[in-house]
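In UniProt numbering, the protein residues as written are 1 to 152.
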């Protein structure tokens, strides 16, 4: 893949708008590991190599196991995810592919067993945030490989 353009330089205001959304996510109270889980699964569905590179590195730096990272694409068959995580993964898939079937009631109900209304909206914002980043990265040809997680 070859970078088509540097969207940050081409339109800094667009980047600032997304960074505000990301700032909301950081202050929303969402568990950081759960947020990375959402980012990776949506990026897998969307085929965003840049974001997959970034978020698998970030999740690993947070102490996540290689096993859970590698198995995420087959999470239904893997016993390594909690029931709450499974509900969020289903939600992530449904919202990322919203044109396929909307959000089925059974997925909504399953998520609500683990998360209240405020948390549900936060999950929706998390899914929408990474989907936005994925679409920008893919459309502008962002090249994976150079990202390094922040030192702790």
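C-beta: ideal position from N, C-alpha, C; glycine also.
Taking residue i and residue j to be in contact with their CB atoms under 8 Å, please state how far apart those CB atoms are, rounded to whole angstroms.
i: residue 19; j: residue 7; result: Actually they are not in contact, since the Cβ atoms of residue 19 and residue 7 sit about 12 Å apart, beyond 8 Å.
i: residue 46; j: residue 138; result: 7 Å
i: residue 87; j: residue 110; result: 5 Å
i: residue 142; j: residue 50; result: 4 Å
What is the DSSP secondary structure of residue i, counted as helix, strand or coil?
i: residue 142; result: coil
i: residue 25; result: helix
i: residue 11; result: coil
i: residue 4; result: coil
i: residue 151; result: coil
i: residue 78; result: coil
i: residue 54; result: helix
Let me confirm a value: residue i is counted as buried when at least 16 other C-beta atoms fall within 10 Å, else exposed. Which label applies?
i: residue 58; result: buried
i: residue 134; result: buried
i: residue 90; result: buried
i: residue 100; result: exposed
i: residue 115; result: buried
i: residue 62; result: exposed
Check whether the Cβ of residue i lies closer than 7 Å to any Cβ atom in chain C.
i: residue 69; result: Note that chain C does not occur in the displayed structure, where there is just one protein chain.
Would you call the stretch 57-77 and the stretch 31-42 touching, i.e. three or more CB-CB distances under 8 Å? yes
Are the stretch 26-38 and the stretch 124-133 touching by the rule of at least three beta carbon pairs closer than 8 Å? yes
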